[in-house]
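Peer 1: In the numbering used here, the protein residues as written are 13 to 245.
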Ligand SMILES: Nc1ncnc2c1ncn2[C@@H]1O[C@H](COP(=O)(O)OP(=O)(O)OP(=O)(O)O)[C@@H](O)[C@H]1O
Ligand SMILES: [Mg+2]
């Protein structure tokens with residue numbers, strides 16, 4: 013049996029990231045705990061993808077700390093669906109199989125079934141539609157049996173039906189106990205999925221609140237402007 017290691021809480025302590033003299037994330041203090049999905053909401057360029065890369069441990073803050081369950085290094089059960097997932101030039105099933113530690117065709121089938129792609133298992137992954145590829149990326153991430161699943165704009169270029177299909181999967185995955193941390197600039201999607209919201213602008217955390225509080229009565233004028241649809245730069 014694996015020791016019961018947990019990567020939660022995932023904590024940012026005064027974390028900043030500078031690259032080429034520019035501060036991309038500034039003095040971030042944030043604790044992410046188990047429960048309903050945490051949504052990172054903010055305009056383009058606000059630092060959502062960068063925050064996710066820090067949270068995955070793919071990059072290190074240039075100052076401050078990121079810890080997982082109090083440890084400086086995460087366990088292996090983190091998975092991410094990137095903003096632009098890249099598929100292997102092979103079948104959908106092969107893309108999922110590749111993410112598994114060992115060959116297990118039943119598991120591949122179950123994962124494809126979970127995202128509604130069982131019928132397309134043998135299709136070349138790169139020929140799938142945008143929505144199908146996003147679902148395949150979800151299956152591939154789930155193959156890692158994650159404790160925390162990071163999603164970066166999982167429906168950015170999808171139509172409403174494809175968006176709904178992805179959101180239904182995300183909700184089912186969250187209900188199964190996986191912690192979802194999702195970046196989006198889509199306010200409607202944040203409303204539908206978020207348990208709590210982290211609102212970012214210019215690499216800073218502007219506001220953090222439960223969804224039931226944030227959407228009807230944001231505490232900051234910037235979040236209020238964003239929710240009204242005003243331009244927040
Ligand atoms: N390695 C880097 N070097 C310099 N600048 C960077 C680097 N990575 C990101 N940036 C800049 O940091 C800012 C935040 O980028 P990031 O991709 O995290 O934003 P985002 O909120 O995910 O935006 P979007 O909604 O467009 O996906 C942007 O201005 C981006 O150009
Ligand atoms: Mg991004």
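Cβ coordinates follow ideal geometry from the N, Cα and C atoms, glycine included.
Here the structure is a predicted model, which means the values were calculated and not measured.
Between residue 122 and residue 69, what straight-line distance do the alpha-carbon atoms span, to the nearest angstrom?
Peer 2: 29 Å
Peer 1: Any heavy atom of ligand 2 inside 7 Å of the beta-carbon of residue 61?
Peer 2: yes
Peer 1: What residues are listed by DSSP as bridge partners for residue 200?
Peer 2: Bridge partners of residue 200: none, in fact.
Peer 1: Please report the distance separating the alpha-carbon of residue 33 from that of residue 215.
Peer 2: For the pair residue 33 and residue 215, the Cα-to-Cα distance works out to about 14 Å.
Peer 1: Go to residue 62, then tell me how far its alpha helix (DSSP H) extends in each direction, as first and last residue.
Peer 2: 60–68
Peer 1: Which residue marks the beginning of the alpha helix (DSSP H) containing residue 175, and which one marks its end?
Peer 2: In this chain, the alpha helix (DSSP H) harbouring residue 175 covers 172–187.
Peer 1: From residue 188 to residue 179, what does the alpha carbon distance come to, in whole angstroms?
Peer 2: Inter-residue distance for residue 188 and residue 179 is about 14 Å (C-alpha atoms, whole angstroms).
Peer 1: Verify the contact flag: residue 234, CB atom, against every heavy atom of ligand 2, threshold strictly below 7 Å.
Peer 2: no
Peer 1: Do residue 227 and residue 239 count as a contact pair if the criterion is CB distance below 8 Å?
Peer 2: yes
Peer 1: Should residue 253 be counted as a contact of ligand 2 given a C-beta to heavy atom distance under 7 Å?
Peer 2: A query on residue 253 cannot be resolved here, the shown segment of the chain reaching from 13 to 245 and no further.
Peer 1: Using 7 Å as the cut-off, classify the Cβ of residue 23 as near or not near the heavy atoms of ligand 1, replying yes or no.
Peer 2: no
Peer 1: From residue 177 to residue 84, what distance separates their C-alpha atoms?
Peer 2: Those two C-alpha atoms are separated by around 36 Å.
Peer 1: Does residue 107 come out as helix, strand or coil in the three-state DSSP assignment?
Peer 2: helix
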